[in-house]
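In the working numbering, the protein residues as written are 330 to 589.
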């Protein structure tokens, strides 16, 4: 099939104002479209960092559709002097990477979003208070806590990604949970690094952090986004209960430069 380059305005139109395109892509996005669907890559983080994207094709599309889209997009990215570091398909779809790239890992996750601020009627867990932490000054504290209570912690404190860190503490000052707002390259807030102490889960602390971060994101940008591992059904239910909707379920491959 033929994938032809398009600009972001046409990508929005061709995708039907897809939430991923609206909230996770920026003006630097590289996009293509064809009779089977659309695909794009762009920077995930500010300063044009961590380039990646996705292909969304119609049911019944040829098995090589996403692979052909990635080949075109990787070439366009190379012409811009950047490399594609990750690329997603819907689960169950194959992806063959073009020459010059290798797959180094993969994962499955849901991209979720909401434009509705959670209600403030939820009771605050007894004795729990929220406070702001500093991305740089409190980086070691956040990283140590996150790694202790989650092997997959991805808050990246101290790297300048977060615009807001919140911590939950008990009356004695013990740290019970943390969570952050990151800024995407699109300028949209993205929840990240939400972790609750293993022995305090199920007590409403994660919901408290998520709700407060979501309210902050919506106050800032009118929308909040997040990513969650697809098999984390507890977290997915929590987010859905706070108004989040799943835009896409992705199978993402991590990519790196390989043998030519």
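Don't be surprised by glycine CBs; every beta carbon is placed ideally from N, CA and C.
At the C-beta level, residue 553 and residue 436 stay beyond 9 Å of one another. Between the C-alpha atoms of residue 465 and residue 338 there is a straight-line separation of about 37 Å. For residue 570, the enclosing alpha helix (DSSP H) stretches over residues 562-570. Contact between the segment 498-511 and the segment 460-479 is established, with three or more Cβ pairs separated by less than 8 Å. Runs of the beta strand (DSSP E) lying entirely within the segment 423-454, each at least 3 residues long, are 430-443 in chain order. A Cβ-Cβ contact shorter than 9 Å links residue 485 with residue 522.
Using a Cβ distance threshold of 9 Å, residue 362 and residue 332 count as a contacting pair. With fewer than three CB-CB distances shorter than 8 Å, the segment 403-419 does not count as touching the segment 528-548. Residue 581 and residue 438 do touch by the CB rule: their CB atoms are close to 7 Å apart, below 8 Å. Counting only unbroken stretches of 3 or more residues, the beta strand (DSSP E) elements lying wholly within the segment 345-375 are 359-363 and 366-374, in sequence order. Cβ neighbours of residue 357 within its own chain (closer than 8 Å, five residues either side excluded): 371, 372, 377 and 514. By the beta-carbon neighbour count (other beta carbons within 10 angstroms, threshold 16), residue 417 is buried. Note: residue 460 is bridge-paired with 496 in the DSSP secondary-structure output. Pairwise C-beta distances place the segment 384-397 out of contact with the segment 554-563, as fewer than three of them are shorter than 8 Å. With fewer than 16 other CB atoms across the displayed protein chains lying within 10 angstroms of its CB, residue 421 is exposed. For residue 513, the secondary structure class from DSSP, reduced to helix, strand or coil, is coil. With respect to the C-alpha of residue 369, the residue from 447, 335 and 519 having the closest C-alpha is 335.
Residue 335 is bridged by DSSP to 360. Residue 465 sits in coil when the DSSP states are folded into three classes, being neither helix nor strand.
Under the DSSP assignment, residue 529 falls outside any beta strand (DSSP E); it carries neither an H nor an E label.
Residue 579 and residue 419 have their C-alpha atoms spaced approximately 5 Å apart. Residue 529 is classed as buried because its beta carbon has at least 16 other beta carbons within 10 Å across all chains shown. Taking a C-beta distance under 9 Å as the contact criterion, residue 442 and residue 375 do not qualify as a contact pair. About 7 Å separates the beta carbon of residue 520 from that of residue 543, a gap short enough to meet the 8 Å contact definition.
Residues 532, 533, 534 and 537 of the same chain have their beta carbon placed closer than 7 Å to that of residue 454, with the five preceding and five following residues left out of the count. Residue pairing by DSSP places residue 535 opposite no residue, since no beta bridge is assigned to it. Collapsing the DSSP output to three states places residue 476 in a helix.
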